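Trainee: Here it is, the structure, as structure tokens.
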Amino acid sequence: MEHPSPTYELSEAQKYFERLLLSGEYSDLKIFCQDITFNVHQCIICPQSSFFRAAIEHPFKESSTRVIELPADHPGTVERMISYLYLKDYRQTGHIIPMAAAEDEDLAQVGLNHADVYITADKYDIQLLKSLAATKMTSWAKSNFKSPGFVDMARHILQMKHDAWPCEFIGKCIKDNLRNLTRDDAEILKLIGDFGLLGGAILMGLLESDMLRDTRLEAENAREKRRLQDEVATLKRDNAALKNENSALKRNITTLQRWQGGLHYREGDPLASEGSFAKRASNYLEIGDIRNTYDDGDAGSFWRAFDK
Numbered sequence: 001m002e003h004p005s006p007t008y009e010l011s012e013a014q015k016y017f018e019r020l021l022l023s024g025e026y027s028d029l030k031i032f033c034q035d036i037t038f039n040v041h042q043c044i045i046c047p048q049s050s051f052f053r054a055a056i057e058h059p060f061k062e063s064s065t066r067v068i069e070l071p072a073d074h075p076g077t078v079e080r081m082i083s084y085l086y087l088k089d090y091r092q093t094g095h096i097i098p099m100a101a102a103e104d105e106d107l108a109q110v111g112l113n114h115a116d117v118y119i120t121a122d123k124y125d126i127q128l129l130k131s132l133a134a135t136k137m138t139s140w141a142k143s144n145f146k147s148p149g150f151v152d153m154a155r156h157i158l159q160m161k162h163d164a165w166p167c168e169f170i171g172k173c174i175k176d177n178l179r180n181l182t183r184d185d186a187e188i189l190k191l192i193g194d195f196g197l198l199g200g201a202i203l204m205g206l207l208e209s210d211m212l213r214d215t216r217l218e219a220e221n222a223r224e225k226r227r228l229q230d231e232v233a234t235l236k237r238d239n240a241a242l243k244n245e246n247s248a249l250k251r252n253i254t255t256l257q258r259w260q261g262g263l264h265y266r267e268g269d270p271l272a273s274e275g276s277f278a279k280r281a282s283n284y285l286e287i288g289d290i291r292n293t294y295d296d297g298d299a300g301s302f303w304r305a306f307d308k
């Protein structure tokens with residue numbers, strides 16, 4: 001299956017540095033890698049790598065010959081490293097070395113290329129390139145976890161004993177895909193067995209996921225508890241207001257009932273003296289809003305009010 005090569009749009013500044021890299025114009029430093037010569041510029045290479053800076057600034061052979069030999073590295077990886085130093089990115093097909101298109105189309109090889117760039121960037125202390133390679137490797141692994149190339153890439157990158165990130169990275173990849181693993185994934189299961197630290201990284205990833213989940217649940221429970229407490233407080237306030245309204249209604253009903261009792265007494269006992277009824281009405285007038293209208297004991301006013 002063919003996979004189209006990614007398209008890189010270069011800025012004008014990048015195009016200038018690409019021309020400078022490809023032409024070798026004004027080059028004052030050579031990097032030999034096997035049978036490939038890279039004509040580069042000290043002002044671009046050395047400030048970005050403590051290794052290359054030390055080779056030129058200290059009294060080594062390279063400082064006088066202005067030639068740095070990298071016989072143990074792969075030319076394609078060195079080309080990607082140099083491309084990054086000039087362009088702040090690298091791609092599978094070469095800027096300098098003509099590479100077969102098939103290499104770009106081999107997904108397994110792409111993963112290995114990113115791993116090689118990561119290892120080389122660590123070796124020559126190019127931290128930003130190391131971060132970029134880690135990002136590209138992570139993106140590749142998400143899409144190719146089930147491919148045979150993943151195990152090849154993992155075994156290659158896990159050889160870095162001094163760097164903790166590869167083990168954490170591969171452990172996270174496996175942890176995120178544990179639900180999808182079956183007996184058919186024997187190579188991945190063997191990978192876990194071959195690298196003891198990898199099992200620990202997977203376990204730590206699972207524990208961290210559980211702790212994060214527990215933390216989220218605790219936060220959600222705390223928010224729900226506050227919400228319920230607010231609702232209870234609101235209900236209590238509403239209940240208190242209803243009790244006050246109910247008490248007011250009861251007082252009004254009592255007042256009306258007493259008024260009705262007073263009227264019944266007047267109509268049912270025509271022989272009752274005005275004075276005795278006035279005395280009784282005076283007691284009723286002391287409750288309810290009616291006392292704001294009639295003076296206590298003013299029986300004449302009370303009678304006139306009900307005679308209308």
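The numbers in the sequence shown follow the UniProt record's numbering, run straight up by one, and end at 308.
Using N, Cα and C, we set each Cβ at its ideal position, and we do this for glycine too.
Here the structure is a predicted model, which means the values were calculated and not measured.
Looking only at C-alpha atoms, which of 20, 133, 126 sits nearest to residue 51?
Mentor: The shortest Cα separation from residue 51 among 20, 133, 126 belongs to 126.
Trainee: Pairs of beta-carbons, one from the region 108-122 and one from the region 146-155, closer than 8 Å: are there three or more?
Mentor: yes
Trainee: Can you pull the DSSP bridge partners for residue 338?
Mentor: Because the chain here runs from 1 to 308, residue 338 falls outside it and cannot be looked at.
Trainee: Where does the unbroken beta strand (DSSP E) through residue 9 begin, and where does it stop?
Mentor: Note, residue 9: premise wrong, no beta strand (DSSP E); not H, not E.
Trainee: Applying the 10 Å Cβ sphere with the 16-neighbour rule, what's the burial state of residue 92?
Mentor: With 16 or more other Cβ atoms within 10 Å, it is buried.
Trainee: Please go through the same chain and pick out, in chain order, the residues whose beta-carbon is closer than 7 Å to the beta-carbon of residue 90, but skip the five residues on each side of it.
Mentor: 80, 83, 84, 117
Trainee: Specify the secondary structure class of residue 68 as computed by DSSP and reduced to three states.
Mentor: Correct three-state label for residue 68: strand.
Trainee: Nearest by alpha-carbon distance to residue 171: which of 59, 124, 138 is it?
Mentor: 138
Trainee: Just to confirm the assignment, what range does the alpha helix (DSSP H) spanning residue 167 have?
Mentor: First-last of the alpha helix (DSSP H) with residue 167: 165-176.
Trainee: For residue 151, collect the residues of the same chain with a Cβ closer than 7 Å to its Cβ; drop the 5 residues on either side in sequence, then sort them by chain order.
Mentor: 187, 188, 191
Trainee: Under the assumption that residue 42 contacts residue 21 (Cβ atoms under 8 Å), give the Cβ distance between them as a whole number of angstroms.
Mentor: The Cβ separation is near 14 Å, so there is no contact.
Trainee: How far does the alpha helix (DSSP H) with residue 25 in it reach, from first residue to last?
Mentor: Per DSSP, residue 25 belongs to no alpha helix (DSSP H) and is neither H nor E.
Trainee: Which runs of the alpha helix (DSSP H) spanning at least 4 residues fall entirely within the region 105-147, listed in chain order?
Mentor: 107-123, 127-144
Trainee: Can you find the residues in the same chain that come closer than 7 Å, C-beta to C-beta, to residue 107, ignoring five residues on each side of it along the sequence?
Mentor: 3, 144, 147, 149
Trainee: Closest to residue 36 by C-alpha separation, out of 77, 136, 259, would be which residue?
Mentor: 77
Trainee: Rounded to a whole number of angstroms, what is the C-alpha to C-alpha distance between residue 88 and residue 15?
Mentor: 12 Å
Trainee: Give me the Cα-Cα distance between residue 63 and residue 24, rounded to the nearest whole angstrom.
Mentor: 19 Å
Trainee: Start and end of the alpha helix (DSSP H) containing residue 42?
Mentor: That run of the alpha helix (DSSP H) goes 42-45.
Trainee: Closer than 7 Å by C-beta to residue 154: which residues in its own chain qualify, once you throw out the five before and the five after it? Chain order, please.
Mentor: If you ignore the 5 residues before and after residue 154, its C-beta comes within less than 7 Å of the C-beta of 170, 191, all in its own chain and listed in chain order.
Trainee: State the Cα-Cα distance for the pair residue 133 and residue 220, rounded to the nearest angstrom.
Mentor: 37 Å
Trainee: Once the 5 residues before and after residue 48 are set aside, which same chain residues still bring their CB inside 7 Å of it?
Mentor: 85, 126
Trainee: May I ask you to check if the CB of residue 65 is nearer than 6 Å to at least one heavy atom of the ligand COA?
Mentor: Looking for the ligand COA in the displayed structure turns up nothing, as the structure carries no ligands at all.
Trainee: Applying the criterion that 16 or more other CB atoms from any shown protein chain within 10 Å of the CB defines a buried residue, is residue 195 buried or exposed?
Mentor: buried
Trainee: Closest to residue 46 by CA distance: which of 34, 61, 66 is it?
Mentor: 66
Trainee: How would you call residue 11, buried or exposed, if buried means at least 16 neighbouring beta carbons within 10 angstroms?
Mentor: Counting other Cβ atoms within 10 Å of its Cβ, residue 11 stays below 16 and is therefore classed as exposed.
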